[in-house]
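K.L.:
Mind looking over this structure? Questions follow.
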Amino acid sequence: MLKKFILSVVTFISILAVLGYWFVRMFSDELSVDYSNQQAHDLAYIQQSLPTQRGKILAIVTNTKTMGPQQKQAGYELTELSRAYYVFKVNGFEVDIASPLGGEPPMVRDDDDMGAFDFAFLNDPAAMAKVKNTLSVSQVDAADYQAVYFVGGKGTMFDFPNNQDIQRLVRQFWIEDKVVSAVCHGPAALINVKLDNDLYLLENKHVAAFTNEEELLFIPEAEAIFPYLLQTKLEDMGAKFEAGPMYLNNVVVDGKLITGQNPWSVWELSEQIIVSLGYTPVARAKTAEENSVTILKTFKTKGYDMAMAQLLEMQFQYNAPINKTLIATHAFLALLSFDLKQLVGLISLLSTSNLTAE
């Protein structure tokens with residue numbers, strides 16, 4: 102009996118060791134990349150920047166640093182600001198950054214999700230000067246801008262919805278037929294905006310935002326931490342909520358109202374803002390993260406075979422980079438959901454991405 106137990110333990114440990122070795126090999130190339138010294142002027146996309154002669158876009162971030170009785174971290178999401186910032190700049194727009202209180206707002210950065218553009222932003226003196234000295238929304242005149250972009254971050258749920266100056270700005274942008282946009286938790290800014298006809302802006306508008314499913318997966322106690330779940334509140338205000346697959350890109354356009362579901366929606370959303378302003382976005386090579394999102398969306402909506410064909414085409418025909426960590430994350434989500442079919446399919450995609458990358 103003791104021998105069988107020892108043999109079982111040794112076997113289990115051996116399997117874990119093999120899986121660990123496979124995991125380290127799988128992600129060794131991504132883990133070795135260091136963007137910490139990335140400079141904006143060295144990025145090919147930013148080298149194509151047009152002169153800033155098309156006007157200005159206003160980005161608004163939260164000042165809320167913590168939330169809930171346990172003082173969980175809030176703040177704005179760096180990746181949701183940095184990527185949009187460079188899309189706006191490259192396409193000829195100056196960018197101002199504001200917050201409800203002004204000054205330096207709390208930044209949330211997750212190095213595991215950050216890429217070249219995010220570190221370039223941190224190393225960009227002009228960008229950091231703006232973000233460390235944000236304008237107060239009370240000082241901002243919508244007439245100075247062509248569009249407003251509400252950056253996401255959990256803190257927005259606390260200081261965006263009831264801010265009278267934010268409501269004033271959104272109302273003015275809307276009345277002047279300018280672009281109103283928001284991503285992830287950023288649409289919290291739209292919740293209490295009333296128009297001159299005394300109707301809420303959100304009534305019968307098609308929108309996207311961070312979904313209840315996404316919120317509750319990693320924060321089960323979200324309903325006790327937040328004033329409300331964002332999706333539920335938007336629907337209560339009369340919005341027609343359009344949810345995409347969990348943790349994948351989803352952008353919804355309803356006239357001049359442009360909203361995105363989560364951080365993976367920022368690239369498309371910011372370029373859609375450029376389109377809505379009447380311009381063709383400057384060409385940009387897709388990031389590894391975007392390519393993985395495309396494959397994952399195909400997998401979720403069209404199945405494994407189509408996703409595998411897309412992966413092979415991207416890597417063999419176009420030599421496109423793939424973010425394996427993101428695919429692994431979705432495999433982990435499938436495991437949490439006990440979805441064996443999706444788990445097996447995603448592991449197969451992950452293994453193939455590693456083979457074709459070598």
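In the working numbering, each residue's number is its place in the sequence shown (first place is 1) plus 101. The beta carbon of each residue, even a glycine, is placed where N, CA and C say it ideally should be.
For Met415, count the other beta carbons within 10 Å of its own beta carbon; 16 or more makes it buried, fewer makes it exposed. Which is it?
P.N.:
Its Cβ being crowded by 16 or more others within 10 Å, Met415 is buried.
K.L.:
Give every residue of the same chain whose Cβ lies closer than 8 Å to the Cβ of Glu369, excluding the five residues on either side of it in the sequence, and list them in chain order.
P.N.:
Excluding residues within five positions, the ones whose Cβ falls inside 8 Å are Asn350, Val352, Gly361.
K.L.:
Apply the 10 Å Cβ neighbour rule to Leu179 and answer buried if 16 or more other Cβ atoms are within range, or exposed otherwise.
P.N.:
Label assigned to Leu179: buried.
K.L.:
Does the beta-carbon distance from Val252 to Val162 come in below 8 Å?
P.N.:
The answer is yes: Cβ separation under 8 Å.
K.L.:
For Val394, which residues from the same chain have a beta carbon less than 8 Å from its beta carbon, with the 5 sequence-adjacent residues on both sides left out?
P.N.:
The answer, listed in chain order, is Leu349, Asn350, Trp365, Leu427.
K.L.:
With the cut-off set at 8 Å, would you say Pro382 and Asn263 are in Cβ contact?
P.N.:
In this structure, Asn263 does not lie closer than 8 Å to Pro382 by Cβ.
K.L.:
From Ser183 to Gly204, what does the alpha carbon distance come to, in whole angstroms?
P.N.:
The alpha-carbon atoms of Ser183 and Gly204 are separated by roughly 18 Å.
K.L.:
For Lys166, which of Leu202, Asp135, Asp337 has the nearest alpha-carbon?
P.N.:
With distances taken between Cα atoms, Lys166 lies closest to Leu202.
K.L.:
To which residues of the same chain is Gln443 closer than 6 Å at the C-beta, ignoring the five residues directly before and after it?
P.N.:
Here the set comprises Ala435.
K.L.:
Would you identify the three-state DSSP class for Leu159, choosing helix, strand or coil?
P.N.:
Here Leu159 sits in strand by DSSP.
K.L.:
Could you give the uninterrupted runs of the beta strand (DSSP E) lying entirely in the segment 331 to 407, keeping only those of 3 residues or more?
P.N.:
Within the segment 331 to 407, the complete beta strand (DSSP E) runs of at least 3 residues are 352 to 355, 358 to 361.
K.L.:
Evaluate the contact criterion for the segment 310 to 317 versus the segment 268 to 280: three or more CB pairs, one atom per stretch, below 8 Å.
P.N.:
The segment 310 to 317 vs the segment 268 to 280: no contact.
K.L.:
Mind checking Asn305: buried by the 16 CB within 10 Å criterion, or exposed?
P.N.:
Looking at its Cβ environment, which holds fewer than 16 other Cβ atoms inside 10 Å, Asn305 is exposed.
K.L.:
Would you mind stating whether Ile396 and Leu412 have Cβ atoms separated by less than 8 Å?
P.N.:
Yes. Within cutoff.
K.L.:
For Lys190, I'd like the list of residues in its chain whose CB is within less than 8 Å of its CB, leaving aside the five on either flank, ordered along the chain.
P.N.:
Ile147, Ser150, Thr153, Val196.
K.L.:
Tell me whether Met215 sits in a helix, a strand or coil according to DSSP, three-state version.
P.N.:
Three-state result, Met215: coil.
K.L.:
Under the three-state reduction of DSSP, which class applies to Asp242: helix, strand or coil?
P.N.:
Coil.
K.L.:
Going by the DSSP bridge assignment, what does Phe251 pair with across the sheet?
P.N.:
Paired residue(s): Ile161, Ala283.
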